[in-house]
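Written below as structure tokens is the structure these notes are about.
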Amino acid sequence: MEVQEAVGSRRTYRFLLPHKPVELEKIQKMLEAARLASFWGNVQALRAVVVHRETASADVRQSLFAPIAGFQIEQAPVVIVWYLDYAALDVQGDRLRELVHARVVGVDKEKALDALDKIIIPFFEGAMPHIKQSGLTELDCGQGIAQATLVAIDLGLGTACLGTPNEDAIRKNLGLPSSAKVLLLMCVGYPAESPEAGGQRPRLPFEQLFFLNEVGKPFPRSEKVVEELKQAKMLQQPAPVPWRDEELRYLQRALNLPEF
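Take the sequence shown: its letters are residues 10 to 269, numbered as in my numbering.
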């Protein structure tokens, strides 16, 4: 699948097939993509615990809770608990040195290492409290999760990301360190819905979101590019497609779900 089509197909699949297992090899490919994602300072603070419904303990499964649409967790063959480990930021200096030795940073190796020790690492150590509050680390974790999502779509899987207030129980039952922050629960399975899943979700107009040089001057949107993206299936028919109500009624009966 083209990347553009995967992006266009990326939407929350609220209905997954509970009886169709997800191959752990496909989950591995998702995790491999997350591991390779760009991360500031090479710290790689994104972590994950894969909860496999068939093999996880009852305590682990029961700790995975979301107040809204919790049925998705109950039905998903796999739930990935994505979390941020702040302890990774404490060894950032070591990761920067790895970049120098890998010949990614600096021209002269010895001068680059000297600059790290005397200037760059002390700067980051002093700024670390602000960095931890800035949201930059969470942003880069999001990049890894997004790459995992695109791989999932490319492999024919569906995903749904849910927040949870149950962090303490998750931390205890999954053995997360005290330095961990739970980011989200990602339900993974084979979609019970059609690939259109009701159509392209409503989105604000392009011109309201993106600007050129300053806010208030919309970035020029080329209709030629729009047409190219439609051909690549990144832009699809707006929701709802005509048969969506029938599909929802079918899913409600098949999965024994409430009507709301």
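Note that beta-carbon positions come from the ideal geometry of N, C-alpha and C, so glycine has one too.
### Message
Can you look up residue 146 in the DSSP assignment and give me helix, strand or coil?
### Response
As a working note, residue 146 is residue 137 in the sequence shown. Looking at residue 146 - three-state DSSP - the assignment turns out to be helix.
### Query
Touch check for the region 85-97 and the region 38-57: three-plus C-beta pairs under 8 Å?
Verdict: yes, contact present.
### Message
Quick check: the region 100-120 against the region 211-225, are at least 3 beta-carbon pairs closer than 8 Å?
### Response
Judged by Cβ distances under 8 Å, the region 211-225 makes no contact with the region 100-120, as fewer than three pairs qualify.
### Message
Classify residue 47: buried if its beta carbon has 16 or more other beta carbons within 10 angstroms, exposed otherwise.
### Response
Against the sequence shown, residue 47 aligns to sequence position 38. Here residue 47 is exposed: its Cβ has fewer than 16 other Cβ atoms, across all protein chains shown, within 10 Å.
### Query
Could you give the residue range of the beta strand (DSSP E) that holds residue 62?
Taking the sequence shown and counting its residues from 1, one reaches residue 62 at position 53. Annotation for residue 62: no beta strand (DSSP E) segment contains it, and DSSP assigns it neither H nor E.
### Query
Contact between the region 142-153 and the region 38-47: three or more CB pairs below 8 Å?
Yes: the two stretches touch, three or more of their Cβ pairs being nearer than 8 Å.
### Task
Compute the Euclidean distance between the alpha carbons of residue 62 and residue 195, then round it to the nearest angstrom.
Here residue 62 corresponds to residue number 53 of the sequence shown, with the count starting at 1. Here residue 195 corresponds to residue number 186 of the sequence shown, with the count starting at 1. Their backbone Cα atoms lie some 13 Å apart in a straight line.
### Query
Quick one: what's got a C-beta closer than 6 Å to residue 279's C-beta in the same chain, skipping five residues either side?
Past the edges of the chain, shown from 10 to 269, lies residue 279, and the structure says nothing about it.
### Task
Report the rounded CA-to-CA distance for residue 244 versus residue 234, giving the unit in angstroms.
Within the sequence shown, numbered from 1, the residue matching residue 244 stands at position 235. Within the sequence shown, numbered from 1, the residue matching residue 234 stands at position 225. Residue 244 and residue 234 have their C-alpha atoms some 11 Å from each other.
### Query
What separation, rounded to the nearest whole angstrom, lies between the Cα atoms of residue 210 and residue 204?
Taking the sequence shown and counting its residues from 1, the one referred to as residue 210 is at position 201. Taking the sequence shown and counting its residues from 1, the one referred to as residue 204 is at position 195. Taking the straight line joining both Cα atoms gives about 13 Å.
#### Entry: One or two residues paired with residue 89 in a DSSP bridge
Here residue 89 corresponds to residue number 80 of the sequence shown, with the count starting at 1. In DSSP, residue 89 forms a bridge with 59, 195.
#### Entry: Expected contact under 8 Å - CB spacing of residue 208 and residue 248 to nearest Å
Reading the sequence shown from its first residue, position 199 is the one you call residue 208. Reading the sequence shown from its first residue, position 239 is the one you call residue 248. The pair is a contact, with the Cβ atoms about 3 Å apart (cut-off 8 Å).
### Message
Please return the same chain residues whose Cβ sits closer than 8 Å to the Cβ of residue 64, not counting the five positions on each side in sequence.
### Response
For the purposes of this step, residue 64 is taken as residue 55 along the sequence shown, with counting starting at 1. Correct list: empty, nothing qualifies.
### Task
Whole angstroms is fine: what's the gap from residue 191's alpha carbon to residue 75's?
The residue labelled residue 191 in the question sits at position 182 within the sequence shown. The residue labelled residue 75 in the question sits at position 66 within the sequence shown. For residue 191 and residue 75, the distance between alpha carbons rounds to 13 Å.
### residue 96, enclosing beta strand (DSSP E) - first and last residue
Taking the first residue of the sequence shown as 1, we reach residue 96 at position 87. Unbroken run through residue 96: none, as it is neither H nor E.
#### Entry: Beta-ladder partner(s) of residue 168, from DSSP
Counted from its first residue, the sequence shown places residue 168 at position 159. BP columns for residue 168 point to 197.
### Inter-stretch contact at 8 Å, needing at least 3 Cβ pairs: the region 74-92 / the region 25-44
The region 74-92 vs the region 25-44: in contact.
### Task
Kindly indicate the opening and closing residues of the alpha helix (DSSP H) around residue 70.
Start at 1 with the first residue of the sequence shown, and residue 70 comes out as number 61. Element bounds for residue 70: 67-72.
### Query
Could you give the C-beta distance for residue 167 and residue 22, rounded to a whole number, given that I count them as a contact under 8 Å?
Numbered from its first residue, the sequence shown carries residue 167 at position 158. Numbered from its first residue, the sequence shown carries residue 22 at position 13. Approximately 3 Å separates the beta-carbon atoms of residue 167 and residue 22; this is inside 8 Å, confirming the contact.
### Query
By the 10 Å Cβ neighbour count, where 16 or more other Cβ atoms means buried, how is residue 222 classified, buried or exposed?
Numbered from its first residue, the sequence shown carries residue 222 at position 213. So residue 222 counts as exposed.
### Query
Per DSSP, residue 220 forms a beta bridge with which residues?
Indexing the sequence shown from 1 puts residue 220 at position 211. Its beta-bridge partners are 227.
#### Entry: Cβ shell of residue 31 (< 8 Å), same chain only, five flanking positions each side left out
Your numbering for residue 31 matches position 22 in the sequence shown. Excluding sequence neighbours, residue 31 sits near 86, 87, 166, 197, 198, 199.
### Task
Tell me whether residue 236 is buried or exposed, calling it buried when 16 or more other Cβ atoms sit within 10 Å of its Cβ.
Within the sequence shown, the letter at position 227 stands for residue 236. Answer is exposed; the Cβ neighbour count stays below 16.
### Message
Checking 7 Å against the spacing of the C-beta atoms, do residue 171 and residue 91 come in under that value?
### Response
Position 162 of the sequence shown, counting from 1, holds the residue named residue 171. Position 82 of the sequence shown, counting from 1, holds the residue named residue 91. No; because the gap between Cβ atoms is not below 7 Å, this pair is not in contact.
### Query
Tell me which same chain residues have a C-beta within less than 7 Å of the C-beta of residue 89, skipping the five on either side of it?
Here residue 89 refers to the residue found at position 80 when the sequence shown is read from its first residue. Spatial neighbours of residue 89 in its own chain (CB-CB distance under 7 Å, excluding positions within 5 residues in sequence) are listed in chain order as 57, 59, 195, 197.
### Query
Pick from 268, 254, 263, 182: whose alpha carbon is nearest that of residue 71?
Your numbering for residue 71 matches position 62 in the sequence shown. The alpha carbon of residue 71 has as its nearest neighbour, out of 268, 254, 263, 182, the alpha carbon of 182.
### Query
Buried or exposed: which applies to residue 202, given that a residue is buried once 16 or more other Cβ atoms fall within 10 Å of its Cβ?
Looking up residue 202 in the sequence shown gives position 193. Residue 202 counts as buried, since no fewer than 16 other beta carbons sit within 10 angstroms of its beta carbon.
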